[in-house]
Amino acid sequence: YPEMAKLAGAIPKIVFAGDDQGFKVTPEQIEDALTPATKLLILNSPSNPTGCLYDRAEMEAIMELAIRKNILVMSDEIYEYLLYDDSVHHRPASFCREAQDRVITVSGFSKTFSMTGWRLGTLVANPTIGKAVANLQSQTSSNATTFAQYGALAAVQNWEDSMKAVNEMLVHFDRRRLLLLDGLNAISGIECLRSQGAFYLFPKVSFFGLSSEEFSGQLLEQEKVAVVSGHAFGADGYIRLSYATSDEIIQKGLSRLEEFCSNL
Ligand SMILES: Cc1ncc(COP(=O)(O)O)c(C=O)c1O
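Printed below as a string of structure tokens:
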């Protein structure tokens, strides 16, 4: 998002939240980062890269601030159906009329319906913003690919069947999440929080004294394990791992990661 904000001529301000605060920013932190020029707050829950999820009270407190300070909120809810441990996702636009007017809710089909790469998303906003976005989009990417639209239509028109399939998928994701979580925390020097959503874990690796870039680069070179450096998310000291892969690959990746860490 920072690069997109720059492309739009805005100046992005990152509000950082590490694992000590569950990777969740507080309204106080956001308020400290506001300037008279602030127009938009971007939120993402469940989160990429951390898998964290804001509870209702936390989300309401952030919305209360947004309303009080008259700023728009873009809520990226693309992982809203990928939840674990009986967690519940809360849509800020649903809180009250004022919230509905100022929240731009974005989502997409790639995660819930395994349509990765087909570039189909949704946006819900007040009519003024919705129309402006449609105008901009029609002059840039023009339209969404036809076959992807038919796929999405089938998914939403058969909602019950779709959710049944999603729930079956979640059984596997959940097992892989715990396999990866336990495996990471068993490696000396790595600490990983239990995520509640999406399909990522974001362990801390700062113990090893390498930057995230160095850690992920060397891990790729030496053990052929691909992770994303936390640096890419403005969070040095962490790496992002995806468990949207098989149990066997997760196990193999963990063994190689352990080998790599034991030699540092
Ligand atoms: C938080 C978040 N929003 C949006 C997207 C975009 O998804 P897509 O381009 O597949 O629709 C992603 C993909 O990784 C994501 O993690």
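Quick note, the sequence shown lines up with residues 3 to 266 if you use our numbering. Each residue gets a CB set at the ideal place from its N, CA and C atoms; glycine is no exception.
Alpha carbon of residue i to alpha carbon of residue j, nearest angstrom
i    : j    : result
Y56  : Q23  : 11 Å
Q253 : E100 : 48 Å
A200 : E62  : 21 Å
R121 : S143 : 10 Å
T130 : L212 : 48 Å
L188 : R258 : Here residue 188 turns out to be Ala, not Leu, going by the sequence shown. Taking the straight line from one Cα to the other gives about 13 Å.
I69  : I32  : 13 Å
L74  : A127 : 10 Å
Y81  : K26  : 16 Å
S164 : S116 : 11 Å
F87  : Q198 : Sequence check: residue 87 is Asp here, not Phe. Using only the alpha carbons, I get a separation of about 7 Å.
F175 : N137 : 38 Å
E5   : G232 : 16 Å
S47  : A156 : 26 Å
A19  : F149 : 39 Å
Same chain, Cβ closer than 7 Å to residue i, neighbours up to 5 away in sequence not counted
i    : result
Y83  : T114, V168
L222 : A228
S244 : F201, Y202
Q224 : F262
R196 : L183
Residues near residue i by beta carbon distance below 8 Å, same chain, minus five either side
i    : result
D268 : This structure leaves residue 268 out entirely; the chain is present only between 3 and 266.
G191 : V207, F209, F210, C263, L266
Q102 : A95, S96, N128
E154 : The question names Glu, but residue 154 in the sequence shown is Ala. So the list reads F111, F115, M117, L122, once near-sequence residues are dropped.
Cβ-based neighbour list, residue i, same chain, cut-off 6 Å, excluding 5 preceding and 5 following
i    : result
W161 : none
F204 : P51, T52, Y240, R242
S112 : T118
H92  : R58, M61
V230 : R242
Which residues DSSP lists as bridging residue i, in chain order
i    : result
Y2   : Residue numbering for the chain in the displayed model covers 3 to 266; residue 2 lies beyond these limits and cannot be assessed.
T124 : S109
S231 : I241
K206 : E193, Y240
Beta-carbon spacing of residue i, residue j below 8 Å
i    : j    : result
E79  : T107 : yes
S214 : D238 : yes
D76  : I44  : The amino acid at residue 76 is misidentified as Asp; the sequence shows Met. Cβ atoms of M76 and I44: closer than 8 Å.
P29  : L67  : yes
Taking 8 Å as the cut-off, does the region 11 to 20 touch the region 33 to 43 (at least 3 CB pairs, one atom from each stretch)?
yes
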